[in-house]
Amino acid sequence: ILNVEQSPQSLHVQEGDSTNFTCSFPSSNFYALHWYRWETAKSPEALFVMTLNGDEKKKGRISATLNTKEGYSYLYIKGSQPEDSATYLCAFVSTGGTSYGKLTFGQGTILTVHP
Amino acid sequence: DSGVTQTPKHLITATGQRVTLRCSPRSGDLSVYWYQQSLDQGLQFLIQYYNGEERAKGNILERFSAQQFPDLHSELNLSSLELGDSALYFCASSVDPLAGGPVDEQFFGPGTRLTVL
């Protein structure tokens, strides 16, 4: 069973604050790491897919880094806005065997940005 | 709007029954994925199809089956339904140019909420 952990479970920040959260995954048999944003009453929306150790990706005020050797990825949000309030999910993909192609999701970090 | 459509939006049925959930991927996407989200669990991968063939399998129960048709739409069949099968079922699609490689972002449909009474 692949273990994908996200922390913290929930986070409350004020508008304008910068914040970050973590996704931990197995450091062996790494293939890819996905980040998704999931707003209430909507469906998950892809943010990033990361495949290389040291990868850094950015989309507007949101960025992510990847460390496959130690098995973690950070998601950063700069200058949080109320519309950033959502659940942020990471999903790990491992190589080979019966796990190939399978995304294993973490439980998510629930972000609430207060005006 | 992701371009992925799912029908029906809501489904209420009784234990022991069988239902079919339908998904149409984005135009041009060859891969379809099915996920289950229960109240007490996160998003669980069920199964992936790529261009009509099963590509990857997750924790899908034997009572559940899926297929992808030549026009690339997919159906998830759930039979002998139990109360615990009540969940939100998502379909997602991706292009997967690397013959089904899981490095493409997935586009999720709006989901089908299944309630088993």
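Line order of the protein sequences matches chains B and X.
Be aware that the first sequence starts at 661, since it is given in the numbering used here, and climbs by one per residue.
Be aware that the second sequence starts at 2, since it is given in the numbering used here, and climbs by one per residue.
Glycine included, C-beta positions come from ideal geometry on N, C-alpha and C.
Using a C-beta cutoff of 9 Å, does residue i count as contacting chain X?
| i | result |
| --- | --- |
| B:VAL773 | no |
| B:GLN767 | yes |
| B:LYS762 | yes |
| B:PRO668 | no |
| B:PRO686 | no |
I want to see whether chain B comes within less than 9 Å of residue i, judged by CB atoms only; does it?
| i | result |
| --- | --- |
| X:LEU115 | no |
| X:TYR34 | yes |
| X:ALA15 | no |
| X:LEU118 | no |
| X:PHE112 | In the sequence as presented, Phe is not what sits at residue 112 of chain X; that position holds Gly. Output row for X:GLY112: interface = yes. |
| X:LEU44 | yes |
| X:GLU83 | no |
| X:SER75 | no |
| X:ASP30 | no |
| X:GLY59 | yes |
How is the beta strand (DSSP E) around residue i delimited, first residue to last?
| i | result |
| --- | --- |
| B:SER667 | 665-667 |
| X:GLU63 | From DSSP, X:GLU63 is part of no beta strand (DSSP E); its letter is neither H nor E. |
| X:GLN38 | 32-38 |
| X:LEU115 | 113-117 |
| B:PHE685 | Where B:PHE685 is concerned, there is no enclosing beta strand (DSSP E), given that its DSSP letter is neither H nor E. |
| X:LEU73 | No beta strand (DSSP E) contains X:LEU73, which DSSP labels as neither H nor E. |
Report back the beta-carbon spacing between residue i and residue j to the nearest angstrom; my notes put them in contact at under 8 Å.
| i | j | result |
| --- | --- | --- |
| B:LEU749 | B:TYR696 | 4 Å |
| X:GLN107 | X:TYR50 | So it is not a contact: roughly 13 Å between Cβ atoms. |
| X:GLN69 | X:GLY59 | Not a contact, Cβ separation roughly 16 Å. |
| B:GLN666 | B:THR769 | 5 Å |
| X:GLY43 | B:GLN767 | 5 Å |
To which residues does DSSP link residue i through a beta bridge?
| i | result |
| --- | --- |
| B:ALA692 | B:VAL753 |
| X:THR14 | X:VAL117 |
| X:LEU84 | None, per the DSSP bridge assignment. |
| B:LEU771 | B:LEU671 and B:ALA746 |
| X:THR8 | X:ARG23 |
| B:LYS718 | B:SER723 |
| X:GLU54 | X:TYR51 |
Does the region 66-83 of chain X come close enough to the region 11-24 of chain X that 3 or more CB-CB pairs lie under 8 Å?
Verdict: yes, contact present.
Counting Cβ pairs, one atom from each stretch, are 3 or more of them under 8 Å apart for the region 721-738 of chain B and the region 670-684 of chain B?
The count of Cβ pairs closer than 8 Å, one atom from the region 721-738 of chain B and one from the region 670-684 of chain B, reaches three, so the stretches are in contact.
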